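Residue numbers are given in the UniProt record's numbering: position 279 of the sequence shown equals residue 279, and the series is strictly consecutive. For every residue, glycine included, the Cβ atom is placed at its ideal position computed from N, Cα and C. It should be emphasised that the depicted structure is a prediction, and the values quoted were computed from it without experimental measurement. Contents: one structure, followed by commentary.
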Amino acid sequence: MEGRTVSTGKVLDCARGTAARHLIMALMATTALGGVLALPSPSLAQQAAPAAGATQTMAFALPAQPLPAALDAFARQTGWQIGYSADLAAGRSSRPVSGSMAPAQALDTLLSGTGVGYRMTGTGSATLVPAPTGDVTMLAPVSVTASTGAGSGSGTITITREDLERKNPRDLRDVFSGEPTIRVGSAVPMSQKVYVNGVEETNLAVTIDGSRQNNKVFHHNGTTLIDPALLKVARVDAGVAPADAGPGALAGSIAYETKDASDFLAGDGVGAFGKTTFNTNGSGLTTNLAGFGRHQGLEALGTVTYGKGGKYTAGNGRKVDGTETDVVSGLGKAAVQTESGHRFQASYERVYDDAPRPFRANIGSLAGRPAWEPRVRDYTLDRQNMVFTYTDALPTELWNPRLVIAYGRTDVETPIFTRPVGSSTVPGSYPGKGATSSFNGKLENSFGFRIGTVTTGTDFYVDRANYRDRTMTATERARNNGLYGQARLEPMERLRLSFGLRGDRQTFEGTTGREWTNHGLSHNLAGEFDLLPRHLTAKAGVSRGWGGVQMAENYIMNPAWNYGAGPRPVTATNSTAGLEARYEGFTAEGRIFRTKLDDARAARFAATSATLARDVRSEGYELGLGYAWTNGFIRAKYADIDVTIDGLAADSDTGTYLATPIGQVFTVGGAHTVPSWNLTFGADVEFVLDYDKVQAGQRPLKGYQTANLFVEHRLPEHANLALRLDVRNLFDETYADRATYGQEFGTVTPLYQPGRAFLLSASAQF
């Protein structure tokens with residue numbers, strides 16, 4: 001059996017508001033990887049640089065990738081020597097590692113769920129060994145990847161699997177909790193929209209398992225409805241995004257990755273997972289069930305979530321109309337991997353929400369409306385995502401391909417009401433249906449060199465948006481082909497660079513059938529330099545993005561639009577700079593950022609508004625301070641974000657599908673594990689300050705404070721069973737998230753968040 005050693009600098013033969021509310025306590029950290037089996041140790045090469053100690057904190061940003069390549073990158077950064085057999089690492093993929101932590105913790109995270117463990121053979125050296133075998137792995141305790149600061153100084157934020165387990169999210173707002181630069185408006189998952197640095201997500205490249213999302217259906221609905229129970233990781237590049245993030249990465253990118261069988265099984269076997277959560281506020285019951293198996297290169301996973309519940313109560317004690325829980329989601333994945341390393345995977349994911357919602361699903365109520373207009377109406381939101389992926393699990397330095405072919409579709413249906421006829425008080429109605437879809441794909445290859453990698457590829461999309469009812473039909477289409485290259489290099493020991501270029505050619509077709517063809521270039525440059533190795537790092541990045549002509553929202557499309565000379569392609573510029581300091585578990589970070597969108601399309605229904613465009617600017621800064629110890633962490637973050645549209649203070653109506661006002665946000669969170677008690681507990685608090693940078697005639701936005709607690713216990717006699725209690729909105733605050741629509745307008749009652757809620761959860765893996 002061939003032996004391998006990873007060593008720094010060596011080219012490898014084969015590449016791979018009140019004091020009481022100011023927060024509660026300390027939350028937790030990761031547990032060590034389980035026991036390991038011994039293997040004959042391969043010989044270790046001489047180190048080219050001093051190795052970082054096992055407990056010395058470093059900043060990591062390693063993406064998921066073939067395990068040998070991940071180990072190479074880990075060794076180059078830390079100076080560690082990792083010995084292993086080629087057969088042991090072949091065909092496996094690493095987990096992403098992001099944040100400041102000790103190298104040993106980073107290696108734990110990198111190997112988590114791969115079926116590979118390690119044993120230390122000295123200071124800065126380790127040997128990989130098979131993880132314990134068995135039918136299934138046990139549930140790991142809720143953990144966090146020891147990330148203590150404000151995210152990457154260059155604007156990259158990764159929500160890891162451990163973060164998701166700790167947060168126990170019910171929706172996207174919970175997924176991104178604790179990140180002040182990411183706001184999620186609305187309290188109901190089907191109407192939630194994500195804003196990054198104040199910019200709405202349709203101005204970012206959003207993907208699910210590599211599939212482009214085209215979900216601009218109805219401005220009162222959510223943009224990307226996703227079930228957090230299906231998520232494995234969420235990565236956000238705020239502002240500066242790489243060229244291989246995909247087309248349309250104007251203000252950054254968001255990449256969601258769903259779970260697969262290897263997240264439950266370390267090796268061959270079969271198993272099942274179940275989790276049930278009861279929410280006392282609304283008496284909602286949500287159950288997630290999964291079955292999975294792996295056998296000699298074959299993998300399969302099937303999971304389904306079903307949620308049902310009543311209206312929740314806001315902090316003011318009033319039930320909020322249209323907030324029932326009625327959702328079904330599912331994910332199926334199948335993969336086959338040949339002995340020669342060819343890996344083929346197909347997945348199908350679907351989320352379906354069918355319940356009465358507020359008449360305008362992201363607004364509590366609107367004053368001055370006709371008496372015959374109902375307070376709620378039925379909505380159906382159905383999002384589907386199908387992805388086929390090919391990769392080579394045994395790549396070489398010059399051959400590490402990835403092929404993705406995907407199709408995604410979102411459908412929204414809701415009744416359109418008309419004025420009662422004659423003396424009747426009953427309005428008429430007819431169904432309105434909107435649908436967006438994207439057939440997309442990419443083919444790329446990563447070339448490995450001594451100092452890093454270069455990824456080159458081509459991608460495409462065919463997007464369609466359609467609205468129809470009994471009175472009209474309208475459709476827009478867009479086709480795009482792109483070529484790109486992205487280099488990620490470490491030309492010298494203390495310097496890491498990432499730079500890329502992409503070119504796109506788009507053909508846009510309006511509702512009248514007329515076409516326009518445009519093309520443009522996008523480029524990016526980002527870098528990190530260790531001013532003081534292992535203690536102080538400077539980071540900066542700039543980019544220019546070209547996004548073509550953005551399609552309009554379905555529910556405002558007009559077959560009579562006058563496009564004139566044609567809509568203008570949207571462009572963007574981004575810049576960010578920051579510092580990160582680390583010392584013995586302490587982390588301090590800060591960054592400044594700016595995003596500017598020019599000619600962002602903001603079409604309205606009026607016949608003359610097809611080409612209406614806006615200029616958006618978002619700028620601000622973010623600070624972070626944290627400390628991590630063996631079994632826990634605590635961290636605080638602060639962001640101040642100012643957003644303007646056409647030079648005026650942003651408001652949530654003008655900013656539909658563009659941007660929203662943010663202001664000042666402060667978050668504190670922590671967790672701690674008591675291993676001897678099999679107990680993990682933690683808390684987080686969010687302070688959103690008053691915001692008065694509004695336009696004349698608009699009302700200032702009220703601030704609010706919320707606090708959440710959790711405790712989780714694993715029964716010693718049943719290590720695969722976990723019991724958890726969450727307390728959400730501990731102080732029963734009456735508030736709407738800062739990114740929720742309409743708070744600037746006196747006629748709007750915003751969609752308030754739930755008041756105090758107790759979530760009781762039980763989960764088990766077999």
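Residue i to residue j, Cα distance in whole Å?
i: A764; j: I208; result: 27 Å
i: G248; j: L204; result: 6 Å
i: L33; j: Y118; result: At L33 the pLDDT is 25, less than 50, meaning the model places this residue with poor confidence and gives no usable figure here.
i: R591; j: A636; result: 14 Å
i: G503; j: M386; result: 26 Å
i: R470; j: A683; result: 51 Å
i: T303; j: R318; result: 35 Å
i: Q486; j: W80; result: 27 Å
i: T137; j: L128; result: Its pLDDT being 37, under 50, T137 is placed unreliably by the model, and the measurement read from it follows with that caveat. Distance between the alpha carbons of T137 and L128 is about 18 Å.
i: I662; j: S575; result: 19 Å
i: G578; j: G124; result: 29 Å
i: P395; j: R343; result: 11 Å
i: S676; j: S437; result: 51 Å
i: G322; j: K442; result: 40 Å
i: F710; j: V727; result: 6 Å
i: F499; j: A89; result: 29 Å
i: S283; j: Q296; result: 44 Å
i: T391; j: G545; result: 28 Å
i: N558; j: R468; result: 10 Å
i: N518; j: N554; result: 22 Å
i: A314; j: N729; result: 10 Å
Going by C-alpha distance, which of the options is nearest residue i?
i: L163; options: L285, T706 and V233; result: Reading off the sequence, residue 163 comes out as Asp, not Leu. Nearest of L285, T706 and V233 to D163, Cα basis: V233.
i: N214; options: L501, N631, D321 and E476; result: E476
i: L398; options: P415, F449, R419 and S365; result: F449
i: A131; options: A334, D268, L381 and F388; result: D268
i: Y222; options: G309, E324 and Y379; result: Rather than Tyr, the amino acid found at residue 222 in this sequence is Gly. Checking every option, the nearest Cα to that of G222 belongs to Y379.
i: E509; options: G432, T537 and T611; result: T611
i: Y256; options: S329, T158, L250 and D651; result: T158
i: G291; options: G330, Y390, V748 and E622; result: G330
i: Y621; options: Y627, F633, W629 and V643; result: V643
i: L231; options: L250, F176 and A238; result: F176
i: residue 830; options: F264, G564, T181 and L172; result: What the structure shows of the chain is the stretch from 1 to 766, and residue 830 is not part of that stretch, so it cannot be assessed.
i: R402; options: G457, T749 and A371; result: G457
If the criterion is Cβ atoms closer than 7 Å, does the pair residue i and residue j meet it?
i: R617; j: A602; result: no
i: E200; j: Y657; result: yes
i: S410; j: R383; result: Sequence inspection shows Thr at residue 410; the Ser mentioned does not correspond to that position. Cβ atoms of T410 and R383: closer than 7 Å.
i: I363; j: L111; result: no
i: D530; j: R568; result: no
i: R377; j: R738; result: no
i: S340; j: N400; result: no
i: D353; j: V320; result: no
i: A435; j: N466; result: yes
i: T78; j: P103; result: yes
i: F278; j: L285; result: yes
i: S94; j: L67; result: yes
i: G252; j: A243; result: no
i: V549; j: L525; result: no
i: L679; j: H718; result: no
i: N631; j: T673; result: yes
i: T280; j: K308; result: no
i: V694; j: E744; result: yes
i: R582; j: H535; result: yes
i: G655; j: I641; result: no
i: S211; j: A406; result: yes
i: W372; j: P431; result: no
Per DSSP, residue i forms a beta bridge with which residues?
i: residue 823; result: Residue numbering for the chain in the displayed model covers 1 to 766; residue 823 lies beyond these limits and cannot be assessed.
i: D354; result: T380
i: Q550; result: Q550 is not bridged to any residue.
i: D598; result: T571
i: G271; result: F292
i: E373; result: Answer is none; E373 lacks a bridge partner.
i: A314; result: P754
i: Y348; result: G332 and M386
i: D237; result: T156 and S253
Original post:
Considering only residues of the segment 656 to 691, which uninterrupted beta strand (DSSP E) runs meet the minimum length of 3 residues and lie entirely inside it, listed in chain order?
Top reply: If we require 3 residues or more, the beta strand (DSSP E) runs fully inside the segment 656 to 691 come out as 663 to 674 and 679 to 688.
**OP:** Pick out the complete alpha helix (DSSP H) segments inside the segment 468 to 533, 4 residues or longer, and give them in chain order.
**Re:** Listed in chain order, nothing qualifies, since the segment 468 to 533 has no complete alpha helix (DSSP H) run of 4 or more residues.
Original post:
Taking only runs of the beta strand (DSSP E) that begin and end inside the segment 704 to 742, which ones reach a length of at least 3 residues, in chain order?
Top reply: Qualifying beta strand (DSSP E) stretches, in chain order: 704 to 714 and 721 to 728.
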